[in-house]
Every structure is written in C-alpha cells, then in structure tokens.
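Peer 1:
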Ligand code: KG4
Ligand code: ZN
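Residue numbers (my numbering): 102 to 442.
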C-alpha cells in the first residue's frame, strides 16, 4: 500500500474544537479515507462547551481512527507521517488529539508533524490539487478572520485581521439574535435565500480605513437594535435581516480581499475556513475579482469546516521539507501563523 502509485501515506488528526476528525491521505492518490464525528451536544447550549468537547473526543477519537485505518486498509507501520493540530484551539480538545498522535508515533516509529490549525485551513486548498502561489488567502472561520500573503507553502505574511469578532462568530451571533438554529452560519445562509439583501443598510466596519483589517461587532449590535425595534419577527423579516447581514459580512470580506490583492499584486485568491462554504461569499468574490483580472478558489465544502484532511495535507508538506517534531511537542491556545519555510 505504501509504494508505487499510492505515494506516501499520512494520517491526519484534528481535534482543536468540537469535531473529531481523522483521515488517511496519500501523496499519490489523495484522500483514501476520511471521517469527522461532529459533536451535536453543543447545539443545546448555543455554543461549544470546552469540557464536553474534550470528553467527547476521548470517547470518539479511537473509533474514528480505527475506521479510517480500516477503510484505507493501512497499518501503522505503513505510514510515512502523522499530522496533528497542536494549536490554536481549546486546550483540553487539543491535548486529546496530540497525546493520541504522539502515542501512535511512538508505537509505530512514525515521524510526527504538529500543524497550526490556520495553516491547515489554508492548505485545504491543496488537498485535491496544487496551491497556486503567490496568492492571498482569506481565512474565515468561527475563531479567525485573517488575510495572508502566501508566497509559497510555508511562507505566510499576515496582511490584516479582525479587530473584534470573527466573520463566523458574527454569523453565529446574528443567527442567535434571529432565533435560528446553531451554528448560525449555515442557518443564516439558508434563511437569507428568501430575503432581500438590500432591505436594511447595515454597517460595514472599517470600510474606508485603507487597511486590510475587519470589524464585525458594530454589525452585530446594529442587528440587535434593528430586531428590537421591529419586535415580533415574521419569517419574511427574518429572511430580510439574514440576507442584509450576510450581504454586509460578504461585502466587508470582499472589499478587504480586493485591497490585499492590489497591495500584493497577487492574481489568485483562496478562501478557507468554515465561512468559505458560504455561496454568496463565493459568488460576490468571483464577481469582484473578475473586474481585477484575478481568480478565486475554495476547498470542497467538507474541507472548509474543521477536518483532518487539511492537517494531513499540511503534514505532508512539513515532512517532505524535512521538518518534524519530537515527542515533547505541546499544545498552544492562541498564536498567529508563522512561516516555517
Ligand atoms: O473553520 P470552522 O469549522 O471552525 C473554526 O475553526 O472556527 O468554522 C466554523 C464557522 C462557524 O462560525 C459557522 O457558523 C461558519 O463557520 N459557517 C458558515 C457556513 N458554514 C459554516 N458561515 C456562513 N455560511 C456558511 N454556509
Ligand atoms: Zn477551523
């Protein structure tokens, strides 16, 4: 299994938040097996409860790992490397994945590579084909909204980021205000389909600032005040507010992405992170970039949200470049992605 067209085999493990995800990735044939167990308990609390998340990883990780190994027909000894997210994220959740990965690396004598979660999201764009560089990458997730200049894999320059809420967090909070199910992002997108994006003129934070930074807290407050002024919300009002709020977020993301492309001279933009699954975002980006003569790409939907495939793909790049970690590798709760190549 490890030779010929199969290429080298990498196990990926991702447990930084509430998804337990494992994959077997082949450098020759792509993803051979992939499984993500999402923790549904958190919906009841309207957000991720860290202790529940880590305890659930403890229960779920072993069976998820066993199932991907079995489906790919791979033994531990056949692996060329193990990639695991070691930060940023919830410490308890990260420790479960990292301890498990280290045990496997030790038991099988397999090289280990710790992956920064954000680099994983960026390299989700390299799972099914090469990443074209230089590029600007917009990482938009529940915890991050950042624009990077990516000269090549391993070289990352932060161009701008949110000063308050992340774009996904804004979607989630607006979903909650509108009484939509958790997580709010996909729910707001669905609700917006029946609404008018021009119904309400909502704020675009830092619109004319000339920097590649974002701000979404004003939008959230504006939506709260608007709903309070309306009172009981009809389904049509929910749809109009959802569509207008989505338009404000997408417009802010597109404006600053265009600015980043103009600054760097790159002709390629990639979207990454959970919010990259949003169809309106893709549509607006494509439209605005066409005017610049630039193009936009994004990962398949299952690799936009947290997943192990992006981690295995990143680990492949680290290990092929000769960068590996020891069994003393630790987790970190926060920290900007740094270059390693
Ligand atoms: O990358 P991700 O799975 O986890 C983090 O690392 O944060 O992103 C999750 C975020 C959530 O805020 C979720 O509401 C948002 O991505 N999201 C969306 C969509 N699908 C997921 N936001 C807008 N539209 C979507 N279709
Ligand atoms: Zn993520």
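All residues carry an ideal CB built from backbone N, CA and C; glycine is no exception.
Quick one: what's residue 217 bridged to in DSSP?
Peer 2: BP columns for residue 217 point to 188.
Peer 1: So what does residue 113 bridge to, in DSSP terms?
Peer 2: Answer by DSSP bridge pairing, in chain order: 124 and 184.
Peer 1: Three-state secondary structure (DSSP) at residue 247?
Peer 2: Residue state, collapsed to three classes: strand.
Peer 1: Tell me whether the stretch 243-254 and the stretch 385-400 touch, counting them as touching only if at least three CB pairs, one residue from each stretch, are closer than 8 Å.
Peer 2: Contact fails: fewer than three Cβ-Cβ distances are below 8 Å.
Peer 1: At a threshold of 6 Å, does residue 208 count as lining the ligand KG4 (C-beta to nearest heavy atom)?
Peer 2: Checking the Cβ of residue 208 against the ligand KG4 gives no.
Peer 1: Please work out which residues of its chain come closer than 6 Å, Cβ to Cβ, to residue 349, disregarding the five sequence neighbours upstream and downstream, and give them in chain order.
Peer 2: The answer, listed in chain order, is 303, 305 and 320.
Peer 1: Drop a sphere of 10 angstroms on the beta-carbon of residue 266, count the other beta-carbons inside from all chains shown, and report buried for 16 or more, exposed for fewer.
Peer 2: Residue 266 is buried by the Cβ-count criterion.
Peer 1: Please say whether residue 409 and residue 113 have beta carbons closer to each other than 7 Å?
Peer 2: Yes, these two residues count as a Cβ contact at 7 Å.
Peer 1: Going by DSSP, what residue range makes up the beta strand (DSSP E) through residue 372?
Peer 2: Start and end: 369-373.
Peer 1: Could you tell me which whole alpha helix (DSSP H) segments of length 4 or greater appear in the stretch 219-298?
Peer 2: You should have 268-278 and 285-293.
Peer 1: Put residue 378 into one of helix, strand or coil per three-state DSSP.
Peer 2: Helix.
Peer 1: Buried or exposed: residue 197, going by 16 or more other Cβ atoms within 10 Å of its Cβ?
Peer 2: That one is buried.
Peer 1: Quickly, what does DSSP pair residue 413 with across the bridge? List them, please.
Peer 2: BP columns for residue 413 are empty, so no partner.
Peer 1: Excluding five sequence neighbours on each side, which residues of the same chain lie with their C-beta closer than 7 Å to the C-beta of residue 331?
Peer 2: Within the same chain, residue 331 has close Cβ partners 338.
Peer 1: Can you tell me which residues fall inside 5 Å of the ligand ZN, judged by beta-carbon distance to its nearest heavy atom, and keep chain order?
Peer 2: Qualifying residues come out as 242 and 407.
Peer 1: Per DSSP, residue 315 is paired with what?
Peer 2: Residue 315 pairs with 263.
Peer 1: With respect to the beta strand (DSSP E) encompassing residue 134, which residues constitute its N-terminal and C-terminal limits?
Peer 2: That run of the beta strand (DSSP E) goes 131-139.
Peer 1: Measure the CB-CB distance between residue 373 and residue 225 and report whether it falls below 7 Å.
Peer 2: Their beta carbons are under 7 Å apart, which means residue 373 touches residue 225 by this criterion.
Peer 1: Since residue 218 contacts residue 190 with CB under 8 Å, what's their CB separation in whole angstroms?
Peer 2: Yes, they are in contact, since the Cβ atoms of residue 218 and residue 190 sit about 6 Å apart, within 8 Å.
Peer 1: Would you check if the stretch 385-392 and the stretch 113-126 touch, i.e. whether three or more CB-CB distances between them fall below 8 Å?
Peer 2: With the cut-off at 8 Å, the stretch 113-126 and the stretch 385-392 do not touch.
Peer 1: Report whether the distance from the Cβ of residue 298 to the nearest heavy atom of the ligand KG4 is below 6 Å.
Peer 2: No, Cβ of residue 298 sits at least 6 Å from all heavy atoms of the ligand KG4.
Peer 1: Given that a residue counts as buried once 16 or more other Cβ atoms are within 10 Å of its Cβ, and exposed if not, what is residue 442?
Peer 2: Counting Cβ neighbours within 10 Å, residue 442 comes out exposed, since fewer than 16 surround it.
Peer 1: Helix, strand or coil: which one does DSSP assign to residue 209?
Peer 2: Of the three classes helix, strand and coil, the one that applies to residue 209 here is helix, per DSSP.
Peer 1: To the nearest whole angstrom, what separates the beta carbons of residue 221 and residue 411, a pair I think is in contact under 8 Å?
Peer 2: Contact holds; Cβ gap of about 4 Å.
Peer 1: Could you compute how far the alpha carbon of residue 286 sits from the alpha carbon of residue 314?
Peer 2: The alpha-carbon atoms of residue 286 and residue 314 are separated by roughly 21 Å.
Peer 1: Sorted by chain position, which residues of the same chain lie with C-beta nearer than 7 Å to residue 377's C-beta, five sequence neighbours on each side aside?
Peer 2: So the list reads 241, 399, 400 and 405, once near-sequence residues are dropped.
Peer 1: Measure the Cβ-Cβ separation of residue 235 and residue 413 and say whether it is below 7 Å.
Peer 2: Not closer than 7 Å, so no.
Peer 1: Would you say residue 376 touches the ligand KG4, meaning its beta carbon is less than 6 Å from a heavy atom?
Peer 2: Residue 376 Cβ: within cutoff of the ligand KG4.
Peer 1: Residue 134 and residue 173 look like a contact to me (Cβ under 8 Å); what is the Cβ gap, rounded to whole Å?
Peer 2: About 4 Å separates the two Cβ atoms, so the contact holds.
Peer 1: Note the first and the last residue of the continuous beta strand (DSSP E) segment covering residue 396.
Peer 2: Where residue 396 is concerned, the enclosing beta strand (DSSP E) stretches over 396-398.
Peer 1: For the alpha helix (DSSP H) holding residue 352, just list the boundary residues, first then last.
Peer 2: First-last of the alpha helix (DSSP H) with residue 352: 336-365.
Peer 1: Would you please state the rounded distance, in angstroms, between the beta carbons of residue 136 and residue 168? I believe it to be under 8 Å.
Peer 2: About 6 Å separates the two Cβ atoms, so the contact holds.
Peer 1: From the DSSP secondary-structure annotation, give me the bridge partner or partners of residue 426.
Peer 2: Answer by DSSP bridge pairing, in chain order: 213.
Peer 1: Comparing the CB of residue 379 with every heavy atom of the ligand KG4, is any distance shorter than 6 Å?
Peer 2: At least one heavy atom of the ligand KG4 is nearer than 6 Å to the Cβ of residue 379, so yes.
Peer 1: Taking 6 Å as the line, does the beta carbon of residue 119 fall inside it for any heavy atom of the ligand KG4?
Peer 2: Flag unset: Cβ of residue 119 not near the ligand KG4.
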